[in-house]
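Student:
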Amino acid sequence: MELDVNLKPMKISGLERTKNYRLELFNNGHSAQVNVDGDVYVEGGGLPNRFQTAQFHFHWGRDDNTGSEHLYSGGSFPLELHVVNYNVKYGNSSNAMTKVGDGLAVLGFWFERSDSDNPVLTPLIKKLSSVQNADPSTKVPVSDLDLGKVISGNLDRFYRYSGSLTTPPCYESVIWSVFQTKIPISSSQLTAFRRLKKVPHGGKTTALVDNYRPPKTINGRKISISFPSGVATVSARPANWAANVNSQCGGSSQSPIDIPALSSTTYDSSLGLFTLSSFGDTSAYSLDLSNNGHTVTATVSTSGGSNLDVTGGGLPATYRAAQFHFHWGASASVGSEHTKQGTSYPAELHIVCWNTNMDNLSYALTQPEGLAVLGFFMEVHDTYTLSTFDIQSLVPPDISKYYRYPGSLTTPGCDESVIWTVFQSTITVSTAQMNKFRGMKSDTGGSTPLVNNYRPVQSLGSRIVKQNFSGQSVNHASIILTLVCAAVYQYIIR
23 MELDVNLKPM KISGLERTKN YRLELFNNGH SAQVNVDGDV YVEGGGLPNR FQTAQFHFHW
83 GRDDNTGSEH LYSGGSFPLE LHVVNYNVKY GNSSNAMTKV GDGLAVLGFW FERSDSDNPV
143 LTPLIKKLSS VQNADPSTKV PVSDLDLGKV ISGNLDRFYR YSGSLTTPPC YESVIWSVFQ
203 TKIPISSSQL TAFRRLKKVP HGGKTTALVD NYRPPKTING RKISISFPSG VATVSARPAN
263 WAANVNSQCG GSSQSPIDIP ALSSTTYDSS LGLFTLSSFG DTSAYSLDLS NNGHTVTATV
323 STSGGSNLDV TGGGLPATYR AAQFHFHWGA SASVGSEHTK QGTSYPAELH IVCWNTNMDN
383 LSYALTQPEG LAVLGFFMEV HDTYTLSTFD IQSLVPPDIS KYYRYPGSLT TPGCDESVIW
443 TVFQSTITVS TAQMNKFRGM KSDTGGSTPL VNNYRPVQSL GSRIVKQNFS GQSVNHASII
503 LTLVCAAVYQ YIIR
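When you read off a place in the sequence shown, starting at 1, and then add 22, the result is the number in my numbering.
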């Protein structure tokens, strides 16, 4: 596989409104298919044009050991979702599917078995019994299904190759994107798929299972990836990102930076206090913890109309928290991405927020002022105990003092879309808690330690670092990360 710097993040517009559009489920005798009658579009991600979503369908096996059409390192998954999109220049999917090379763009998602039901799948699972028998004329509305939530996750990490439809007539018209992030599904939800029936053969109705095509020979085709692999190579090292990964990583406004002494920063009285909405209300959101091979990430999902919004602080808009993640080192002497007057901290927390004036996170991260990232240094002190875990507890009690500068993402594609805020107050962790982070693994085999996942500091260039305070006092905030670490510790790449 080869890293392709042109595989930028995909922009999928309309998914957040899918529930307002007409979705019809039916059993076509080969799969459970949902037709999409609405303006859902896919673009970016190295695609040659804009593609409109026509339908999505599933492939599954008779047990959890088989089912997916694509394999990973020879292994199968119990279910695979295909979101089928046609090139708008061809007018419709029927015409587009015959156009070799660029007619269709299919997004593939693997499912992995979980111990509990995936609630976002419930609207679909409940309707499967209504299409148990193969009959394309029987279409059932599934208006409560939100495809955006089904495939929510890291849509930046995918595999790309040129291929075909996996059913006759097998036109070689498909640009395939298979995503690395897995979608959870329970055994009972998988069983609902396996209860479907296929077209009777010889007067006998049989179970619709094993509706996957075996893998085909690559025959010299190139498989590209949109992200550096978990195993570090010389070409994928941060110093070589601009040349070998993404040219944007050599830009003039890159992050992280070394924060200079106060005498070398500029005081800005407009940098006022922040307001963090719902950060301490654990009933307003849930956290999905994962290890993506580069860091430990907690993705935020909200409910009940609440959002984790960040306002004030001199920001030009309201920004919404999407996830937070960590960077750490192999020892206490390194780990943070930003440094302060040349000094590193053992770890650094980043809370990633997107500009709500923009469509979504994927789009915002490519736009100027699209993101606001809140950065907190972490240092080792005595152990303290917190009775609950929420995002508010991660944040020091005093967030009134901070540094501000314009910068970038600290991983490829290094988009210069970030308003950086690095706080003066630090977060306190114990040595035992830091060791939990250092026990993470960066590969599926669990043999490579996930440490030193920080990008070296970049040149400040002509940029100015602003601050809203004077003096050298530092407030420490204590935090227990054991709950997070214990939950994440079981994970390797998802």
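Note that CB positions come from ideal geometry on N, CA and C, so glycine has one too.
Every value quoted in this text rests on a predicted model; they were computed, and no experiment measured them.
Quick check: the Cα distance between Ile501 and Tyr367, rounded to an integer number of angstroms?
Tutor: At Ile501 the pLDDT is 43, less than 50, meaning the model places this residue with poor confidence; the figure from the coordinates comes in the next sentence. Near 16 Å, if we compare the C-alpha coordinates of Tyr367 and Ile501.
Student: Mapping the DSSP letters down to three states, classify Lys149 as helix, strand or coil.
Tutor: Note: Lys149 maps to helix in three-state DSSP.
Student: With distances taken Cα to Cα, identify the nearest neighbour of Leu416 among Glu370, Lys149, Lys488, Gly96.
Tutor: It is Glu370.
Student: Less than 8 Å between the C-beta atoms of Leu47 and Ala54, yes or no?
Tutor: In contact: Leu47 and Ala54 (Cβ atoms closer than 8 Å).
Student: Measuring alpha carbon to alpha carbon, tell me which of Leu167, Asn475, Glu91 ends up nearest Trp584.
Tutor: Not covered by the structure: residue 584. The range shown for the chain is 23 to 516.
Student: Applying the 10 Å Cβ sphere with the 16-neighbour rule, what's the burial state of Gly36?
Tutor: Flag for Gly36 reads buried.
Student: Starting from the C-beta of Thr340, find all residues in its chain whose C-beta is less than 7 Å away, skip the five residues before and the five after it, and write them out in chain order.
Tutor: Here the set comprises Asp331, Thr333, Thr378.
Student: Give me the residue from Thr317, Ser209, Val444 with the minimum Cα distance to Thr361.
Tutor: Of the candidates Thr317, Ser209, Val444, the one whose C-alpha sits nearest the C-alpha of Thr361 is Val444.
Student: Do the region 424-436 and the region 478-491 make contact, defined as three or more Cβ pairs closer than 8 Å?
Tutor: Contact between the region 424-436 and the region 478-491 is present, because at least three Cβ pairs lie under 8 Å.
Student: Are the beta-carbon atoms of Glu359 and Thr448 separated by less than 8 Å?
Tutor: Taking 8 Å as the Cβ cut-off, Glu359 and Thr448 do not qualify as a contacting pair.
Student: Sorted by chain position, which residues of the same chain lie with C-beta nearer than 6 Å to Thr287's C-beta, five sequence neighbours on each side aside?
Tutor: Closer than 6 Å at Cβ, skipping near neighbours: Val487, Gln489.
Student: Should Pro471 be labelled buried (16 or more other beta-carbon atoms within 10 Å of its own) or exposed?
Tutor: Exposed: under 16 other Cβ atoms inside 10 Å.
Student: Less than 8 Å between the beta carbons of Ile207 and Arg135, yes or no?
Tutor: Cβ atoms of Ile207 and Arg135: closer than 8 Å.
Student: Buried or exposed: where does Cys192 fall if 16 or more other Cβ atoms within 10 Å of its Cβ makes it buried?
Tutor: Exposed, since its Cβ has fewer than 16 Cβ neighbours within 10 Å.
Student: Would you please state the rounded distance, in angstroms, between the beta carbons of Tyr385 and Lys30? I believe it to be under 8 Å.
Tutor: That pair is no contact at about 11 Å.
Student: Residue range of the beta strand (DSSP E) that Gly130 falls in?
Tutor: Unbroken beta strand (DSSP E) run through Gly130: 126-136.
Student: Using DSSP bridges, identify the partner residues of Leu371.
Tutor: Bridge partners of Leu371: Phe348, Phe398.
Student: Assuming Leu212 and Pro100 are in contact, meaning their beta carbons sit under 8 Å apart, how far apart are those beta carbons, in whole angstroms?
Tutor: That pair is a contact at about 6 Å.
Student: Checking the sheet assignment: what are the DSSP bridge partners for Gly334?
Tutor: Partner(s): Phe296.
Student: Taking DSSP as the reference, what is the three-state secondary structure of Met456?
Tutor: DSSP places Met456 in helix when its eight states are reduced to three.
Student: Within the same chain, show all residues whose beta-carbon is closer than 8 Å to that of Arg261, passing over the 5 residues directly before and after it, in chain order.
Tutor: The question names Arg, but residue 261 in the sequence shown is Ala. Taken in chain order, the residues that qualify are Pro478.
Student: Have a look at Asp59 and Ala76 and give me their C-alpha separation to the nearest angstrom.
Tutor: Asp59 and Ala76: Cα-Cα distance of roughly 7 Å.
Student: List the residues that DSSP assigns as beta-bridge partners of Phe201.
Tutor: Phe131, Phe180.
Student: In chain order, what residues of the same chain lie with their CB nearer than 7 Å to the CB of Ser209, ignoring the 5 residues before and after it?
Tutor: The residues are Arg135.
Student: Using a Cβ-Cβ cut-off of 8 Å (strictly less than) and excluding sequence neighbours within five positions of Val164, which residues of its own chain qualify?
Tutor: Counting only Cβ-Cβ distances below 8 Å, and skipping sequence neighbours, we find Leu45, Glu46, Leu47, Val56, Pro145, Leu146, Lys149.
Student: Return the chain-ordered list of same chain residues with a C-beta closer than 8 Å to the C-beta of Asp26, the five sequence neighbours on each side being excluded.
Tutor: Around Asp26: Gly68, Arg182, Ser246, Ile247, Ser248.
Student: Under the three-state reduction of DSSP, which class applies to Lys171: helix, strand or coil?
Tutor: In this structure, Lys171 counts as helix in the three-state DSSP scheme.
Student: Taking Gln480 as the reference, which of Gly364, Phe133, Thr160 has the closest Cα?
Tutor: Nearest of Gly364, Phe133, Thr160 to Gln480, Cα basis: Gly364.
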